[in-house]
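Asker: My structure is below; once you've seen it, I'll send some questions.
Number of protein chains: 2
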Amino acid sequence: MPTPPLPPTKDRILDAAELLFADHGFDATSLRMITARASVNLAAVNYHFQSKEALLDATIARRATPINHRRLELLAAFEAEADGKPVAVENLLDAFLRPILEAGSMVPRLIVRMLYLEQKPVFKRIFERHLQPIVQRFSEAFVRSLPHVPPNEVMLRLLFVMGAFAQMMSSAGALHVITEGRFPALEPARCAAYLIAFSAAGLKAPPLGSTL
Amino acid sequence: MPTPPLPPTKDRILDAAELLFADHGFDATSLRMITARASVNLAAVNYHFQSKEALLDATIARRATPINHRRLELLAAFEAEADGKPVAVENLLDAFLRPILEAGSMVPRLIVRMLYLEQKPVFKRIFERHLQPIVQRFSEAFVRSLPHVPPNEVMLRLLFVMGAFAQMMSSAGALHVITEGRFPALEPARCAAYLIAFSAAGLKAPPLGSTL
DNA sequence: GTCTATAGTCGGATAGAC
DNA sequence: GTCTATCCGACTATAGAC
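Residue numbers (this note's numbering), protein chains in the order written: chain A, 1 to 212; chain B, 1001 to 1212.
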């Protein structure tokens, strides 16, 4: 009986990098931490990828591509269902959030951290490539679905939604600790329905208008 | 005429550290970057503070202490005004957010980054010392002001509010770029009224209940 | 493709003169 | 209190044997 085939080196590196980047961030994750966890030689990273930044890019790309594909699929389905009328904001939020939440527990933390929280030039490039086009597409849908809110105010409110989502992903687990046990320990994804209810109410609130 | 007196070394270090930690985060800021900007010798940092982590702590403490004092002052004023009745959530949000927004442009970015975005053990200790007690106090007020929402759901929604606030602080400026100029370039603080309107609506939404 | 070995850099922290 | 000089560890990246 042959030894169970380990995943190829390249995939083991990606798996380890995904977990460590998600947990500790880019700067605080060294290539040595990655190679140790992947049981791979240090030099293998620079052989398969060219640099630490290129590894980050590959890590994000592997996950973001199918998620974004699914997002557009769901959006199209909701739009077909609405038959020309604006889609309910709850459905737009669902189409945007469900694919990333269903991608497994580390993936959202990785993407959130990388795309919303970090600020280095690398991340700006990654954002432009992997999130910008999707955000554009969804923004337009949100603007159509919120006719009583000025477009710029919709954009600002969507920024708030992204922040609430990021916070949920990165520290919903901490609520159990902060509240000294009063809040149940539940996975971030279990909070999604609460996030959608909260966000939908905020998005639909009467606009302030004026300066935007 | 004497040369204009420079601030003491210790304060110059704190000023430089505040700016750099806010812009680049803790890991990406080296002591050498700080001493260069402060025009101070490298060894001065370890003389006045003991370590990089202790410097971070001092940087946060210098700003957080007066802000938290002001928050409690405003909260007490609103509670006195309400005369035993629950305070309007808009006022609670105002009492929590206004002091940090009035503290100058870098201060909120520093505190937000340190207390919400970073995850190292150092930051956990800083959070427990400088934000935990305030959050506790305000949570209770929010729970009283939202009698139709279960306490645990209030806590979760407050987490969303914190996330929206953090996102506004760290990337409201980017909206001008992302929208290719359609969104006006305005300071994060100018968005505060919009954040409060959004958050108040989200907080007051009908609760989902069930699993929390 | 995978390893060892190492170059080259930069980090935080400290010793000791002034 | 402030400086120079330096230690020592960790890092990314690469060269070159197998």
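Each residue gets a CB set at the ideal place from its N, CA and C atoms; glycine is no exception.
Using a Cβ-Cβ cutoff of 8 Å, what residues of the region 159-177 of chain A are near chain B? List them in chain order.
Answerer: Correct list: Leu159, Phe160, Val161, Met162, Gly163, Ala164, Phe165, Ala166, Gln167, Met168, Ser170, Ser171, Ala172, Leu175.
Asker: Less than 8 Å between CB atoms is the rule here; does Glu153/A satisfy it with respect to chain B?
Answerer: Yes, its Cβ sits closer than 8 Å to a Cβ of chain B.
Asker: Rounded to a whole number of angstroms, what is the C-alpha to C-alpha distance between Leu1074/B and Leu208/A?
Answerer: For Leu1074/B and Leu208/A, the distance between alpha carbons rounds to 24 Å.
Asker: In the DSSP assignment, find the alpha helix (DSSP H) that holds Asn152/A and state where it starts and stops.
Answerer: Run containing Asn152/A: 151-178, per the alpha helix (DSSP H) assignment.
Asker: Tell me the DSSP secondary structure of Pro1206/B in three-state form.
Answerer: It is coil, neither helix nor strand.
Asker: Given this structure, state the Cα-to-Cα distance separating Arg157/A from Phe138/A, to the nearest angstrom.
Answerer: So the two alpha carbons sit approximately 13 Å from each other.
Asker: For a contact meaning CB atoms closer than 7 Å, what does Pro150/A contact in chain B?
Answerer: Within 7 Å Cβ-Cβ: nothing; Pro150/A doesn't reach chain B, min ~11 Å.
Asker: On the three-pair Cβ rule with 8 Å, is the region 1065-1074 of chain B touching the region 1141-1155 of chain B?
Answerer: At 8 Å Cβ cutoff, the stretches do not touch.
Asker: From Glu153/A, Ser199/A, Pro206/A, pick the residue whose C-alpha is nearest to that of Asn91/A; which is it?
Answerer: Selected option, being the one with the closest Cα: Ser199/A.
Asker: Between Ile1134/B and the ligand NAP, is there a pair consisting of the residue's CB and a ligand heavy atom that are separated by less than 7 Å?
Answerer: Looking at this structure, you won't find the ligand NAP or any other ligand, since it has none at all.
Asker: So, is Gly1163/B buried or exposed, given that buried needs 16 or more other C-beta atoms within 10 angstroms?
Answerer: Gly1163/B should be labelled buried.
Asker: In the region 13-25 of chain A, which residues sit with their C-beta less than 9 Å from some C-beta in chain B, listed in chain order?
Answerer: Within the region 13-25 of chain A, the residues whose Cβ lies closer than 9 Å to some Cβ of chain B are Asp23, His24, Gly25, listed in chain order.
Asker: Would you give the residue range spanned by the alpha helix (DSSP H) that Met114/A belongs to?
Answerer: Unbroken run through Met114/A: none, as it is neither H nor E.
Asker: Would you say Ser51/A faces chain B, with C-beta separation under 8 Å as the test?
Answerer: It does not: the Cβ of Ser51/A has no partner Cβ on chain B nearer than 8 Å.
Asker: Is the separation between the beta-carbon of Leu212/A and that of Glu153/A shorter than 8 Å?
Answerer: A contact, by the Cβ cut-off of 8 Å.
Asker: Of all the residues that make up the region 1188-1207 of chain B, which are near chain A by a beta-carbon distance shorter than 9 Å?
Answerer: The region 1188-1207 of chain B vs chain A, Cβ under 9 Å: Arg1190, Cys1191, Ala1193, Tyr1194, Leu1195, Ala1197, Phe1198, Ser1199, Ala1200, Ala1201, Gly1202, Leu1203, Lys1204, Ala1205, Pro1206, Pro1207.
Asker: When DSSP labels each residue in this structure, what does Ser51/A get in the three-state scheme?
Answerer: In this structure, Ser51/A counts as coil in the three-state DSSP scheme.
Asker: Suppose the cutoff is 8 Å on Cβ atoms and the five residues either side in sequence are ignored; what does the same chain contact list for Leu175/A look like?
Answerer: Cβ within range, chain order: Phe183.
Asker: Could you list which residues in chain A have their beta carbon closer than 8 Å to that of Asp1027/B, in chain order?
Answerer: Result: Gly25, Asp27, Ala28.
Asker: Buried or exposed: which applies to Gln1136/B, given that a residue is buried once 16 or more other Cβ atoms fall within 10 Å of its Cβ?
Answerer: Result: exposed.
Asker: Closest Cβ-Cβ distance between Phe142/A and chain B: below 8 Å?
Answerer: It does not: the Cβ of Phe142/A has no partner Cβ on chain B nearer than 8 Å.
Asker: Can you give, in chain order, each stretch of the alpha helix (DSSP H) that sits fully within the region 1026-1101 of chain B and has at least 4 residues?
Answerer: Listed in chain order, the complete alpha helix (DSSP H) runs (minimum 4 residues) inside the region 1026-1101 of chain B are 1031-1038, 1042-1048, 1052-1082, 1089-1101.
Asker: In three-state terms, what does DSSP make of Gln1233/B?
Answerer: Nothing can be reported for residue 1233/B, as the shown portion of chain B is limited to 1001 through 1212.
Asker: Assign Ala1200/B to one of three DSSP states: helix, strand, or coil.
Answerer: Looking at Ala1200/B - three-state DSSP - the assignment turns out to be helix.
Asker: Report all residues from its chain with a CB closer than 6 Å to the CB of Met168/A; omit the five preceding and five following residues, and keep chain order.
Answerer: Counting only Cβ-Cβ distances below 6 Å, and skipping sequence neighbours, we find Pro188, Cys191, Leu195.
Asker: Helix, strand or coil for Ser1139/B, going by three-state DSSP, please let me know.
Answerer: DSSP places Ser1139/B in helix when its eight states are reduced to three.
Asker: Which bits of chain A does Pro1184/B rub up against, with CB to CB less than 8 Å?
Answerer: Here the neighbours are Asn152, Thr211, Leu212.
Asker: Let me know if Glu1102/B comes out buried or exposed under the rule of 16 or more other beta-carbons within 10 Å of its beta-carbon.
Answerer: Label assigned to Glu1102/B: exposed.
Asker: So Val1040/B packs on Arg1012/B, CB below 8 Å; how close in whole Å?
Answerer: So it is a contact: roughly 6 Å between Cβ atoms.
Asker: Please say whether Leu1014/B and Thr1059/B have beta carbons closer to each other than 8 Å?
Answerer: Yes, the pair counts as a contact, with Cβ atoms nearer than the cut-off.
Asker: Which whole-angstrom value is the C-beta distance of Leu93/A and Phe21/A, which I expect to be below 8 Å?
Answerer: About 26 Å; that fails the 8 Å criterion.
Asker: Which chain B residues sit within Cβ distance under 8 Å of Arg125/A?
Answerer: Chain B residues near Arg125/A: none, gap ~13 Å exceeds 8 Å.
Asker: Chain A beta carbons: is any one of them nearer than 8 Å to that of Ile1034/B?
Answerer: It does not; no Cβ of chain A falls within 8 Å.
Asker: Just to confirm the assignment, what range does the alpha helix (DSSP H) spanning Arg12/A have?
Answerer: Where Arg12/A is concerned, the enclosing alpha helix (DSSP H) stretches over 9-24.
Asker: Is the CB of Thr9/A under 8 Å away from at least one CB in chain B?
Answerer: It does not; no Cβ of chain B falls within 8 Å.
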